[in-house]
Each structure stands twice: as structure tokens, then as C-alpha cells.
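In my numbering, the protein residues as written are 68 to 307.
Note that the Cβ used here is the ideal one computed from N, Cα and C, for glycine as well.
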Amino acid sequence: MLTLNQLTHSYVQPGRQRERTRFCFDLNVEAGEIVALLGPSGAGKSTLLAMVAGFLAPDSGELIINSQHIERQLPSERPLSLLFQDHNLFPHLSVFDNLGLGLHPGLKLTREDKEKIVVAAARVGIQPYLDRLPEQLSGGQKQRVALARCLLRNRPLLLLDEPFSALDPALRNGMLALVKSLAREHHTTVLLITHSPEEALKIADQCAFINQGQIQVVGPTREVLENPQHDALKRYLGRV
Ligand code: ADP
Ligand code: MG
């Protein structure tokens, strides 16, 4: 469903002209799979997502979604939705309108659209708050709204960059369970950046360990995390 073939971004830090830092990613994901991206801070996890989302143009390499090369597509044209830790909602719009933007950028909503919004809101448990502004919601409720908007967009790929890391553990687990069941229902492919091996074990079919700008290990989550073979991964997991 998703292929990254030597997808590369490199940069030179100002004042360090001789050192070029290079991120180069190879990855194959099957349709409907949930993949956790794990690795130390600064390893390149967000850089990988930014290239897939189209916010960062790769220097070289291929990016293929459902057999289509999408390297040149604008972010808005790509068949995906995104969820970050914050800044997911428009503060001056009601929850209902924030959800409506998932269906129509100009909020020209048909009666059918409005029904879909109510159904999606109910699915993530925020139906009572449709008239509120985001500032009148808790952090967990805001992320539910953002997730419902992803649901309404109904794109085949969902990119999550530590979306629930600001939430308490119990809420975080609830949100992960919700993402997992929604992804299974809609056969959505998911890339999830997380700092937590426990989180990866709960939700992900596959786990990719990113270190020093590369995917150094990838495989079934349990295999990768419960019996790590790679030295850097062992160190990251505190198993040495
Ligand atoms: P992660 O999400 O794994 O923590 P990131 O992908 O956000 O890591 O970042 C990798 C590092 O590379 C960051 O420290 C970022 O500032 C740096 N970086 C990436 N691209 C550039 C660039 N074009 N110029 C300067 N620094 C960059
Ligand atoms: Mg990051």
C-alpha cells in the first residue's frame, strides 16, 4: 500500500559545511497494517512523516501509495490524514464546523454530510459537544474531535505523530484502542510515531526502529521488541 524507496532528505547545519546529515528511508507497508515508528529523539521519525505528508520535499527517492507515485503531489492532494500532538483544531470554529472541514473545505454541507458528522462524533464519544468551541474541551476531547475529522476524511492512510503523548496514561490507552478499532473497521493503513514500546505492542502489527536517519530494524512488533537483536535497539530499550 505504501512504499518508501530510498526516500532521502539531507541538510548541512550552518557553520558545519563539511558535515551533511542524511535521512534515508526504505519501508513497505501492507494495506490495513498499523506500523509503529520508534526511536530516539532526533532520529528522523517526524522527518519521515513530513516527507510522506508532503511538507518536506525529498531530495531523491520514491514514495508510492497504492501504486501511484506521489512525490510531486501537494499535501492536500495526498490520500492521507494527519494527527499531531496539538494544533489540530481551528479555535474560532465549533466542534461541528471543525468536523465539517473534514468533508468540505468551504463548509458547504449537505444534509447527508451533517448526518455523517453526527455519526462520526458519536463514534468517538463527542456528540454532546458539537456546539462547543475547542477551548471548552479537555485535551482528550480535542484529540477525539481531531480523530473524528480524520475519520470523516476517510483517507486510506493515517499519519500520527505522538498524538496522545500529552494525555494521561488511561486516556492515552483509550485513544489508542479507538484508533486501532477505527483503523480495522475502515481498513486504514496507519503510521504511528511513539516514544513508548508498550504503546507499540498494544496497537501495532509492525514496528520500525529508526535511528540515525534510517530504519535499522523492521518486523512484527513482538519479534522486534521482545527479543531485540540489533545493538542500538537494545540500548534504546535499555536491554544492555
Ligand atoms: P524525531 O521526530 O525522530 O525526534 P526529527 O525528524 O524531528 O526527529 O528531526 C531530526 C533532526 O534533524 C532534528 O533535530 C531537526 O532539527 C533536524 N533537521 C531535519 N531537517 C533539517 C534541516 N533541513 N535543517 C536543519 N535541521 C534539520
Ligand atoms: Mg518528532
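{"query": "Cβ pair residue 257, residue 250 closer than 8 Å", "result": "yes"}
{"query": "Other residues of its chain near residue 125: CB distance less than 7 Å, five sequence neighbours each side excluded", "result": "74, 75, 76, 118, 138"}
{"query": "Cα-Cα separation between residue 255 and residue 155, rounded to whole angstroms", "result": "20 Å"}
{"query": "For residue 163, the three-state DSSP class (helix, strand or coil)", "result": "helix"}
{"query": "Assigned exposure category for residue 109 - 16 Cβ within 10 Å defines buried", "result": "exposed"}
{"query": "By C-beta, the residues closer than 5 Å to any heavy atom of ligand 1, given in chain order", "result": "78, 108, 109, 110, 111, 112, 113, 114"}
{"query": "Through-space distance from residue 289 to residue 330, alpha-carbon basis", "result": "Limits of the chain in this structure are 68 at one end and 307 at the other, which puts residue 330 out of reach."}
{"query": "Validate contact between the region 93-101 and the region 274-288 using beta carbons, cut 8 Å, 3 pairs", "result": "yes"}
{"query": "Beta-carbon spacing of residue 300, residue 276 below 8 Å", "result": "yes"}
{"query": "Through-space distance from residue 294 to residue 214, alpha-carbon basis", "result": "33 Å"}
{"query": "Proximity test, residue 260 beta-carbon vs ligand 2 heavy atom, cut-off 7 Å", "result": "yes"}
{"query": "Counted within 10 angstroms of its Cβ, other Cβ atoms place residue 174 as buried (16 or more) or exposed", "result": "exposed"}
{"query": "For residue 196, the residue or residues it bridges with in DSSP", "result": "For residue 196, which the question treats as bridged, DSSP gives no partner whatsoever."}
{"query": "Whole-angstrom distance between residue 150 and residue 219, CA atom to CA atom", "result": "13 Å"}
{"query": "C-beta neighbour in chain D for residue 174, strict 8 Å", "result": "No chain D appears in the structure shown, which is made up of a single protein chain."}
{"query": "Start and end residues, beta strand (DSSP E) containing residue 172", "result": "Segment: none, residue 172 is in no beta strand (DSSP E) and carries neither H nor E."}
{"query": "Ligand 2 heavy atom lying under 7 Å from the CB of residue 228", "result": "yes"}
{"query": "Residue 279 and residue 228 closer than 8 Å at C-beta", "result": "no"}
{"query": "Selected residue, minimal CA-CA separation from residue 221, among 146, 302, 230", "result": "146"}
{"query": "Coarse secondary structure for residue 261, derived from DSSP in three states", "result": "coil"}
{"query": "Per-residue burial, residue 78 [other beta carbons within 10 Å of its own, 16 or more giving buried]", "result": "exposed"}
{"query": "Nonlocal neighbours in the same chain, by C-beta distance under 6 Å from residue 207, ignoring five residues either side", "result": "234, 238"}
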